[in-house]
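Residue numbers (my numbering), protein chains in the order written: chain A, 3 to 163; chain B, 3 to 163. Even for Gly, the Cβ is constructed at its ideal location relative to N, Cα and C. In what follows, a structure is listed as structure tokens, so that the remarks can point back to it.
There are 2 protein chains.
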Amino acid sequence: MADGQNLTTEIRLPASRAGEIARGTLRLLAGLGYHGVTEMTLANNRRADIAAVGPAGEIAIVEIKSSVADFRSDAKWQDYMPFCDRFYFAVMADFPQELIPEDVGLIVADGFGGAVIREAPVDKLAGARRKAVTLRFARLAACRLQMVNDAGWTDRQVSLT
Amino acid sequence: MADGQNLTTEIRLPASRAGEIARGTLRLLAGLGYHGVTEMTLANNRRADIAAVGPAGEIAIVEIKSSVADFRSDAKWQDYMPFCDRFYFAVMADFPQELIPEDVGLIVADGFGGAVIREAPVDKLAGARRKAVTLRFARLAACRLQMVNDAGWTDRQVSLT
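Okay, structure coming up:
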């Protein structure tokens, strides 16, 4: 397809259900003032599906569950909670919501957007932890942006991505 | 040009001298562990050409000067210094380096990379300012990344970009 004629490919949907949920959740979060990145590795080596930073530095982590099987096989989601002020699961509309624990947030999303079905309780991070998570987020986002903007460049600090 | 055949356009040079200096400087900084973004507006409404964050949260600001005329017409560069630990000018190799003040850093770059010709003195930010600059940087980088990755989405918070 010629340059300038690829409008249809530019708005294509992500290739997977998890990718669709991620895109819609990032749009939802941005509308709420939280700018997010996907797949951020935390200091405990767990990888959060989405981490997002709010206007006052609030940190949200979202774990995406593309299916019941995906949810049931996950024994590690509680490991994310010490790294955020608010924790959410994000699922599609066909997911049985009663499976989601009641003491975490719940987002329903598709490839185009989403909604916060249940707000997450706030468990405020201590200052040093918040600082460390924000720094990691900042450097990761900038590194990824550079990789996208500068196709001739590849980051050598694999630890960041 | 067909998809998959645009290798040459992917590695094309930026369209301007300032764009070339920016790209090379971002590559240089990344090699030093500083991940940067271009055109970050500061709390005083000045727009830094490049802001970058180091591994321990160090903040560098780089002002790009594409020509002597560009340098001479700039009366505002000192306004960036209260927002960073290190301040640099970045110029191309043909720029007369003696024009650059001796008490700031100097980078020489082209579209492919660069070098720190003179290290910037450190003027350490206070904690609250560093926190605010890092937060702004984090949200800006993530917002830009989302705009690149999600062509169907546009940020409505113009203040961020």
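In this structure, the beta-carbon distance from phenylalanine 91 of chain B to glycine 26 of chain B does not fall below 8 Å.
Taking a 10 Å sphere around the C-beta of valine 70 of chain B, we find fewer than 16 other C-beta atoms and assign the residue as exposed. Its chain contains no residue whose beta carbon lies nearer than 7 Å to that of valine 150 of chain A once the 5 sequence neighbours on both sides are disregarded. Apart from sequence neighbours up to five positions away, no residue of its chain approaches aspartate 72 of chain A with a beta-carbon distance below 6 Å. Taking every protein chain shown into account, the CB of lysine 67 of chain A has 16 or more other CB atoms within 10 angstroms, so this residue is buried.
If you keep only unbroken beta strand (DSSP E) runs of at least 3 residues inside the stretch 5–75 of chain A, you get 37–43, 49–55, 61–66.
Taking C-beta atoms under 8 Å as the contact rule, glycine 35 of chain B and glycine 56 of chain B qualify, at a distance of about 6 Å.
Per DSSP, alanine 134 of chain A is one residue of the alpha helix (DSSP H) stretching across 129–151. Of the residues assessed, glycine 38 of chain A falls on the buried side of the cut-off, its CB having 16 or more other CB atoms within 10 angstroms. The C-beta of threonine 43 of chain B comes no closer than 8 Å to any C-beta of chain A. Across the stretch 54–68 of chain B, CB contacts with chain A closer than 7 Å involve Val55, Gly59, in sequence order along the chain.
Between phenylalanine 89 of chain B and valine 106 of chain B, the C-beta gap is smaller than 8 Å, which places the two residues in contact. Looking at the DSSP output, leucine 108 of chain B shares a beta bridge with B:Phe91, B:Arg120.
For aspartate 157 of chain B, a Cβ of chain A is located within less than 8 Å of the residue's own Cβ. Separation of cysteine 145 of chain B and arginine 131 of chain B (C-alpha to C-alpha, rounded to the nearest whole angstrom) is 21 Å. Here aspartate 81 of chain A carries a helix assignment [DSSP, helix/strand/coil]. If you draw a straight line from the Cα of glutamate 121 of chain A to the Cα of arginine 48 of chain A, it comes to about 23 Å. Of all alpha-carbon atoms in B:Leu30, B:Trp79, B:Gly33, the one lying nearest the alpha-carbon of leucine 44 of chain B is that of B:Trp79. At a C-beta separation below 7 Å, valine 39 of chain A has these neighbours in chain B: Ala144, Leu147. Any Cβ of chain A closer than 8 Å to the Cβ of alanine 92 of chain B would place that residue at the interface, and such an atom is absent. Pairing alanine 32 of chain A with glutamine 148 of chain B gives a Cβ-Cβ distance under 8 Å.
Taking CB atoms only, phenylalanine 73 of chain A has no neighbour in chain B less than 8 Å away. The beta carbons of isoleucine 52 of chain A and leucine 30 of chain A sit no closer together than 8 Å.
Counting C-beta atoms within 10 angstroms of its own C-beta, arginine 74 of chain B has fewer than 16 neighbours from the protein chains shown and is therefore classed as exposed.
The Cβ atoms of valine 118 of chain B and aspartate 87 of chain B lie no closer than 8 Å to each other.
By the neighbour-count criterion, in which a residue is buried when 16 or more other Cβ atoms sit within 10 angstroms of its Cβ, aspartate 81 of chain B is exposed. If you check each beta-carbon in the stretch 21–33 of chain A against every beta-carbon of chain B, the ones closer than 8 Å belong to Arg25, Leu28, Arg29, Ala32, Gly33. Any Cβ of chain A closer than 8 Å to the Cβ of aspartate 152 of chain B would place that residue at the interface, and such an atom is present. Take leucine 127 of chain B, set aside five residues on each side of it, and the residues of its chain with a beta-carbon closer than 6 Å to its own are Asp87, in chain order. Scanning chain A for C-beta atoms nearer than 7 Å to the C-beta of alanine 140 of chain B yields Val55, Thr136, Phe139, Ala140, Ala143, reported in chain order.
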